[in-house]
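Undergrad: Going line by line, the protein sequences match chains E and X.
Residue numbers for the first sequence follow the UniProt record's numbering, beginning at 1 and rising by one.
Residue numbers for the second sequence follow the UniProt record's numbering, beginning at 1 and rising by one.
The structure follows.
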Amino acid sequence: MNIIKFIESFTDDNLLNSKGSRRDSFSQFKTLGKNMATAALPFGIASLVLAPTKANAAATAFMTTQDTPTTALQLALILEYLEDEFYQMALDTNGLIPAADQAIIAQISQHESAHVAFLASALGDMAPMKPDFDFTVGGAFDTFGDYPTFLALSQAFEDTGVRAYKGQAGNLMSNGDLLTAGLQIHSVEARHASQIRRLRGQKGWIVGSDRGGLPEAAQAVYDGEENAIQAGFNTASVMATNGPSIPAAAGPESFDEILTGQQATDIASLFFAQ
Amino acid sequence: MKKVKVEEVKSNLTNRRSFLKISGLAIAGTGLVLAGCNNDDDGGMAPPVDNQLPGVRNGVFDLGGGDAGILTYAYALEQLEADFYTRVVNGNNFGSVFSSEEQTVLTDLYNHEVIHREFFRAALTGALNDPDRLLPDLNFDYGDLNFGNRLQVLNTAKTLEDTGVAAYNGAGRYITTPDYLVIAGKIVSVEARHASAIRSLLNPGSADFAGDDVIDANGLDLAQMPSQILAAVGSLGVVQTPFTAQFLP
Numbered sequence: 001m002n003i004i005k006f007i008e009s010f011t012d013d014n015l016l017n018s019k020g021s022r023r024d025s026f027s028q029f030k031t032l033g034k035n036m037a038t039a040a041l042p043f044g045i046a047s048l049v050l051a052p053t054k055a056n057a058a059a060t061a062f063m064t065t066q067d068t069p070t071t072a073l074q075l076a077l078i079l080e081y082l083e084d085e086f087y088q089m090a091l092d093t094n095g096l097i098p099a100a101d102q103a104i105i106a107q108i109s110q111h112e113s114a115h116v117a118f119l120a121s122a123l124g125d126m127a128p129m130k131p132d133f134d135f136t137v138g139g140a141f142d143t144f145g146d147y148p149t150f151l152a153l154s155q156a157f158e159d160t161g162v163r164a165y166k167g168q169a170g171n172l173m174s175n176g177d178l179l180t181a182g183l184q185i186h187s188v189e190a191r192h193a194s195q196i197r198r199l200r201g202q203k204g205w206i207v208g209s210d211r212g213g214l215p216e217a218a219q220a221v222y223d224g225e226e227n228a229i230q231a232g233f234n235t236a237s238v239m240a241t242n243g244p245s246i247p248a249a250a251g252p253e254s255f256d257e258i259l260t261g262q263q264a265t266d267i268a269s270l271f272f273a274q
Numbered sequence: 001m002k003k004v005k006v007e008e009v010k011s012n013l014t015n016r017r018s019f020l021k022i023s024g025l026a027i028a029g030t031g032l033v034l035a036g037c038n039n040d041d042d043g044g045m046a047p048p049v050d051n052q053l054p055g056v057r058n059g060v061f062d063l064g065g066g067d068a069g070i071l072t073y074a075y076a077l078e079q080l081e082a083d084f085y086t087r088v089v090n091g092n093n094f095g096s097v098f099s100s101e102e103q104t105v106l107t108d109l110y111n112h113e114v115i116h117r118e119f120f121r122a123a124l125t126g127a128l129n130d131p132d133r134l135l136p137d138l139n140f141d142y143g144d145l146n147f148g149n150r151l152q153v154l155n156t157a158k159t160l161e162d163t164g165v166a167a168y169n170g171a172g173r174y175i176t177t178p179d180y181l182v183i184a185g186k187i188v189s190v191e192a193r194h195a196s197a198i199r200s201l202l203n204p205g206s207a208d209f210a211g212d213d214v215i216d217a218n219g220l221d222l223a224q225m226p227s228q229i230l231a232a233v234g235s236l237g238v239v240q241t242p243f244t245a246q247f248l249p
């Protein structure tokens, strides 16, 4: 994906033509949103809560009932801001990351920074500002003082990212270039998730709705992952014809599930500074 | 049998770096027939039409076009992955060649890929409602690949998983039915989790799980059009059953 082509695809939609204030931009976006929300979505994307200003990210979030390529990328950027700052802070904390894992965390951090830059460029004036984050959730977690806690949050963020991008794919269908870029980020998040899970001694894939030792507050990241029925087919009932028997648990493992925009926003909001 | 080393298969869509790196696979006699691939990049909005349904054309099965074609294409790739891991876990030395962690990962991948294959078989059987439209079971021959050789197996697994990720990422835009797109999304992230795990088994503690050989400077993973994927897979010489993809981009 060529970023110029990517941005041009937005320009074609006149989304980058706004020269006005953020308020004006948002009004224009809402108008465009009505025109652009052409794809009928059967899987019920919930309305998104966006954080358009830094000062009141969580408190006075915008609500929109439109699901468009723009809202999809805005949600994506919020999640990438969160991940990017999370890994930057970790890398800046002396003694947190063991030398053996340094290359892994640095690679993930590099990708999240690239995703922020990519999405911010694509959104231009439509880019939400970065919220202030509190990764300790008011001091509840020793996130940057305790490596296992850091890894646990990392797993939650990466698995959330995978599910959130997947949930937005339908909103990007009207623009093939955007959809492809979204899918390309989605699979990178999945590679990250697998690696972090394996560092924690978990399987790289989600087993049922098991939160893998994460705090109970993280259960929302995994709820729904136990689903075994895909398009009417029971993935938990596949019989091996030539090889070891296939356990029922492998069915839900072999398909990841979506999070709606609302579900993803609710999870991210836990880490907005109060 | 002629030994081949496939390297630096470049994408003209994204002009990305080396894509497939594999050695130890042998070219077999027949393999994939690629006839008249449609390279039009029209955004994939063409609705499926009756004359582009999967089925035999001129004596060779064609994957078809539209959503049915994309799903049949995915079914072909899942057949390959499932067949490969079935041979891996059935290997005579599976329990001794691979560490216990590797056996667990490879067995999970066997489970997942067989499930993906059976899902597509069931979904396409139902959607097409005509046995003649369903892609037949493909035959595979891995030539000189030694299923008792840890590095050969893991490197082949890496290629297959990265190929799966690139294939689903590239095909997504050609899917016109939202439900099918979501299904593809549910599968591709599991393929990416696989690719990451295999890569970390090959080079633990490194950046290879999401290495710079597959992720570009924008943090984007591979995405390849069906014609590119089928050419790359065809060049492996593993697929013995000829088929065409006249209506896929």
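Think of the CB as a built atom: it goes at the ideal place given N, C-alpha and C, for glycine as much as any other residue.
Give, in chain order, every residue of the segment 122 to 142 of chain E whose Cβ lies closer than 7 Å to some Cβ of chain X.
TA: Those would be none; no residue qualifies.
Undergrad: Measuring alpha carbon to alpha carbon, tell me which residue in E:Asp125, E:Leu153, E:Glu85 and E:Gly95 is nearest E:Arg200.
TA: Taking only the C-alpha atoms, the option nearest E:Arg200 is E:Leu153.
Undergrad: Give a yes or no on whether 7 Å exceeds the smallest Cβ distance from E:Arg211 to chain A.
TA: Among the chains of the structure shown, chain A does not appear; the protein chains present are E and X.
Undergrad: With distances taken between CB atoms, is the gap from E:His115 to X:Gly219 smaller than 7 Å?
TA: Their beta carbons are under 7 Å apart, which means E:His115 touches X:Gly219 by this criterion.
Undergrad: Name the chain X residues that come within less than 7 Å of E:Ile185, Cβ to Cβ?
TA: Within chain X, the residues near E:Ile185 are Gly219 and Leu220.
Undergrad: Would you please verify whether the beta carbon of X:Ala122 is less than 7 Å from any beta carbon of chain E?
TA: For X:Ala122, the answer is yes, since a Cβ of chain E falls inside 7 Å of its Cβ.
Undergrad: For residue 250 of chain X, which residues of its own chain have a beta-carbon under 8 Å away from its beta-carbon, when the five flanking residues on both sides are left out?
TA: Absent from the model: residue 250 of chain X. The displayed extent of chain X is 1 to 249, so no value can be given.
Undergrad: Taking only three categories from DSSP, how would you classify X:Gly55?
TA: Looking at X:Gly55 - three-state DSSP - the assignment turns out to be strand.
Undergrad: Within its chain, find whatever has a CB closer than 8 Å to the CB of X:Thr107; leave out the 5 residues flanking it on each side and keep chain order.
TA: Cβ neighbours of X:Thr107 beyond the five flanking positions: Val89.
Undergrad: How is the beta strand (DSSP E) around X:Phe84 delimited, first residue to last?
TA: Careful: X:Phe84 lies outside any beta strand (DSSP E), inside the alpha helix (DSSP H) at Gly66 to Val89.
Undergrad: At 4 residues or longer, and completely inside the segment 137 to 186 of chain E: list those alpha helix (DSSP H) runs for me, N to C.
TA: Correct list: 147 to 168.
Undergrad: Give me the Cα-Cα distance between E:Asp84 and E:Ala106, rounded to the nearest whole angstrom.
TA: When rounded, the distance between both Cα atoms is 11 Å.
Undergrad: Counting pairs of Cβ atoms below 8 Å between the segment 52 to 60 of chain X and the segment 203 to 212 of chain X, do you hit three or more?
TA: Short answer: they don't touch.
Undergrad: Taking E:Ser154 as the query, report the chain X residues whose CB atoms sit under 7 Å from its CB, ordered along the chain.
TA: In chain order: nothing, as chain X lies at least about 13 Å away.
Undergrad: Tell me the rounded alpha-carbon separation between X:Leu135 and E:Asn171.
TA: Whole-angstrom Cα-Cα distance: 31 Å.
Undergrad: Output the distance between the C-alpha atoms of E:Ala37 and E:Asn175, rounded to the nearest integer angstrom.
TA: Residue confidence for E:Ala37 is low, a pLDDT of 32 falling below 50, so the modelled location carries little weight; the figure read from the coordinates is stated next. C-alpha separation (whole angstroms): 11 Å.
Undergrad: DSSP on E:Asn234, reduced to helix/strand/coil?
TA: Looking at E:Asn234 - three-state DSSP - the assignment turns out to be strand.
Undergrad: Which residues mark the beginning and the end of the alpha helix (DSSP H) in which E:Val221 is found?
TA: Segment Gln219 to Tyr222, the alpha helix (DSSP H) holding E:Val221.
Undergrad: According to the neighbour-count rule (16 or more other Cβ atoms, all chains shown, within 10 Å of its Cβ), is E:Gln102 buried or exposed?
TA: Flag for E:Gln102 reads exposed.
Undergrad: Could you give the DSSP three-state label for E:Thr265: helix, strand or coil?
TA: Helix, per DSSP.
Undergrad: According to a CB-to-CB cut-off of less than 8 Å, which residues of the segment 232 to 245 of chain E neighbour chain X?
TA: Listed in sequence order: Gly232, Phe233, Thr235, Val238, Ala240, Asn242, Gly243 and Pro244.
Undergrad: With a Cβ-Cβ cutoff of 7 Å, do X:Ile115 and E:Val238 count as a contact?
TA: A contact, by the Cβ cut-off of 7 Å.
Undergrad: Would you list the residues sitting across from X:Val60 in a DSSP beta bridge?
TA: X:Val60 pairs with X:Arg57.
Undergrad: Counting beta carbon pairs with one atom in the segment 142 to 151 of chain X and one in the segment 185 to 200 of chain X, are three or more of them shorter than 8 Å?
TA: In short, these stretches do not touch, since the Cβ pair count stays below three.
Undergrad: Thinking C-alpha only, which one of E:Asn242, E:Asp223, E:Asn94 and E:Pro215 is nearest E:Thr136?
TA: The shortest C-alpha separation from E:Thr136 is found at E:Pro215.
Undergrad: Is it true that the CB of E:Gly224 sits closer than 7 Å to the CB of E:Leu75?
TA: For E:Leu75 and E:Gly224, no; Cβs fall outside 7 Å.
Undergrad: Whose C-alpha, out of X:Ala76, X:Met225 and X:Arg150, is nearest the C-alpha of X:Gly95?
TA: Cα-wise, what sits closest to X:Gly95 is X:Arg150.
Undergrad: Applying the criterion that 16 or more other CB atoms from any shown protein chain within 10 Å of the CB defines a buried residue, is E:Ala67 buried or exposed?
TA: Checking the displayed sequence, the identity of residue 67 of chain E turns out to be Asp instead of Ala. Buried.
Undergrad: Give me the Cβ distance between X:Ile229 and X:Thr177, rounded to the nearest whole Å; I'm assuming they're in contact under 8 Å.
TA: Not a contact, Cβ separation roughly 21 Å.
Undergrad: Classify residue 292 of chain E as buried or exposed, calling it buried when 16 or more other Cβ atoms lie within 10 Å of its own Cβ.
TA: The first residue shown for chain E is 1 and the last is 274, placing residue 292 of chain E beyond what the model contains.
Undergrad: Take E:Ala169 as the anchor and find which of X:Ala167, X:Val165 and X:Ile175 has the nearest alpha-carbon.
TA: When only C-alpha atoms are compared, the closest one is X:Ile175.
Undergrad: Below 9 Å on C-beta distance, what does E:Asp146 contact in chain X?
TA: Under the 9 Å cutoff, chain X gives no residues; its nearest Cβ is about 21 Å from E:Asp146.
Undergrad: Using the beta-carbon of each residue, which ones in chain X are nearer than 8 Å to E:Ala169?
TA: Here the neighbours are Gly172, Leu181, Val182 and Gly185.
Undergrad: Can you look up X:Ile175 in the DSSP assignment and give me helix, strand or coil?
TA: Coil at X:Ile175, not helix or strand.
Undergrad: Report, in whole angstroms, the separation of the C-beta atoms of E:Phe133 and E:Phe271, which I expect to be a contact under 8 Å.
TA: Right, their Cβ atoms sit about 5 Å apart.
Undergrad: Does any CB atom of chain X fall closer than 7 Å to the CB of E:Ser174?
TA: E:Ser174 does not count as touching chain X.
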